[in-house]
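Asker: All residue numbers for the sequence shown refer to the numbering used here, where the first residue is 1222 and numbers rise by one.
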Amino acid sequence: MPRSISIIGWSTIIFSIIIILTELLSLLSNPMQQLNAIFSMFPQARIGMESMKNLLRYNLLWSIYSVIYFTVVLGGAIQFVRFHAIGRKILEIACWIGIVNACIDTLISYIFWKKMQTALSAVMGTMGISPGQINPLGIITIFVGFFLWVIPCVGMILYLRNPRIKAAME
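(1) When you compare only the Cα positions, how much space is there between residue 1275 and residue 1338?
(2) For the alpha helix (DSSP H) that contains residue 1232, what are its first and last residues?
(3) Under the assumption that residue 1297 contacts residue 1323 (Cβ atoms under 8 Å), give the Cβ distance between them as a whole number of angstroms.
(4) Who are the Cβ neighbours of residue 1231 in its own chain at under 7 Å, not counting the five residues just before and after it?
(5) What is the DSSP secondary structure of residue 1382, counted as helix, strand or coil?
(6) Could you have a look at residue 1301 and say whether DSSP puts it in helix, strand or coil?
(7) Using the Cα positions of residue 1245 and residue 1283, report the straight-line distance between them to the nearest angstrom.
(8) Three-state secondary structure (DSSP) at residue 1313?
(9) Measuring CB to CB, does residue 1291 end up less than 7 Å from residue 1250?
(10) Can you say whether residue 1360 is buried or exposed, counting buried as having 16 or more other CB atoms within 10 angstroms of its CB?
(11) Can you have a look at residue 1281 and say buried or exposed, based on whether 16 or more other CB atoms are within 10 angstroms of its CB?
(12) How should residue 1233 be labelled, buried or exposed, when 16 other C-beta atoms within 10 angstroms of its C-beta is the threshold for buried?
(13) Residue 1319: buried (16+ other C-beta within 10 angstroms of its C-beta) or exposed?
(14) Could you tell me how far apart the beta carbons of residue 1277 and residue 1381 are, in whole angstroms, since I believe they sit closer than 8 Å?
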């Protein structure tokens, strides 16, 4: 039996648990309180309030989805380390969904980023920070996030389709 199955499987289990816990903590926080505090200190920043609320709603939905997605990945990884073929299949499907996630999240994040430029400029301007220092950071983060989804998913798909791994699962 390939040792890589244990390494990949346990790494996926640990990573999934970390993501699930992180997203659950995110769901317990209330960013609207923090946002209202900023707006009370900088009233002129209210221009972008609706964009910020939309972004927070999206983050809430993404956190809920992430908990569900990584719970399925966790289940697949547990079956994978037990050498059950269903675990390999679940992980492969999860990777394909991960690639779709990357595309959808990148598109939505880019749309939000474009809409948020006015809001960020207003908020940062009131804090004495030049918006030019912030604008490129958003687009860089979006593309880094895309590759952080796609590269592991493609690598995992290639690994899971390896004939040795398939044979070990049968």
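Note that the Cβ used here is the ideal one computed from N, Cα and C, for glycine as well. Quick caveat, the model's predicted, so the values are computed rather than measured.
Answerer: In short:
(1) Distance between residue 1275 and residue 1338, taken at the CA atoms: about 14 Å.
(2) 1224–1249
(3) With a Cβ gap of about 18 Å, residue 1297 and residue 1323 do not count as contacting.
(4) Excluding positions up to five away in sequence, the list reads 1302.
(5) If DSSP states are grouped into helix, strand and coil, residue 1382 belongs with coil.
(6) helix
(7) 11 Å
(8) The DSSP-derived three-state label of residue 1313 is helix.
(9) no
(10) exposed
(11) Its Cβ having fewer than 16 others within 10 Å, residue 1281 is exposed.
(12) buried
(13) buried
(14) About 36 Å; that fails the 8 Å criterion.
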